Each structure stands twice: as C-alpha cells, then as structure tokens.
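Numbering (the numbering used here), first residue to last: 688 to 758.
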C-alpha cells in the first residue's frame, strides 16, 4: 500500500504536494487540520528519504483516478 500518515488515511504524497503548493507547514495544517505539526515533519522527512517511493505512490494513485470526458 501507500505510505500514509499514522492514524489517518492521508498519503504522504498528499502532504508533500500540499507543502509544495502552500510553501509552509502552516499551509498543510490549514488544509488538513487533523494533522499535527510533527506529522508534517515526519512526512517530509520520509519523502526526502524515499523520494522514488513517494513519487510512485502519487503516480499509482493518479493512474487509478477515473477521468471523465476524456476518450
């Protein structure tokens, strides 16, 4: 399965993408108030250690999402 934040179903790649988009840990916490600051730090550290695995998780997830209106 995908790497997720412990106690949640939030994938690490989602936290990383939100951090990249917002540029701050506060931005992640605003988007996902169920997370703690430590959760975000752990997710970012994990992503740094296993960048390929996190990218693979993202790619697998996106491949599973149905697209509508696209032949």
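We treat Cβ as the ideally placed atom computed from N, Cα and C, and that holds for glycine.
Model, not experiment: these values are computed from the prediction.
query                                                                                                                           : result
Within 10 Å of its beta-carbon, does residue 732 have 16 or more other beta-carbons around it, so buried, or fewer, so exposed? : exposed
Look at the Cβ atom of residue 696, then the Cβ atom of residue 747, and state whether they are nearer than 9 Å.                : no
Just to confirm the assignment, what range does the alpha helix (DSSP H) spanning residue 707 have?                             : 699-709
In angstroms with no decimal places, state the Cα-to-Cα distance between residue 700 and residue 723.                           : 16 Å
Helix, strand or coil for residue 691 per DSSP?                                                                                 : strand
Looking at the secondary structure, which residues open and close the alpha helix (DSSP H) in which residue 754 lies?           : Here residue 754 belongs to no alpha helix (DSSP H), and DSSP marks it neither H nor E.
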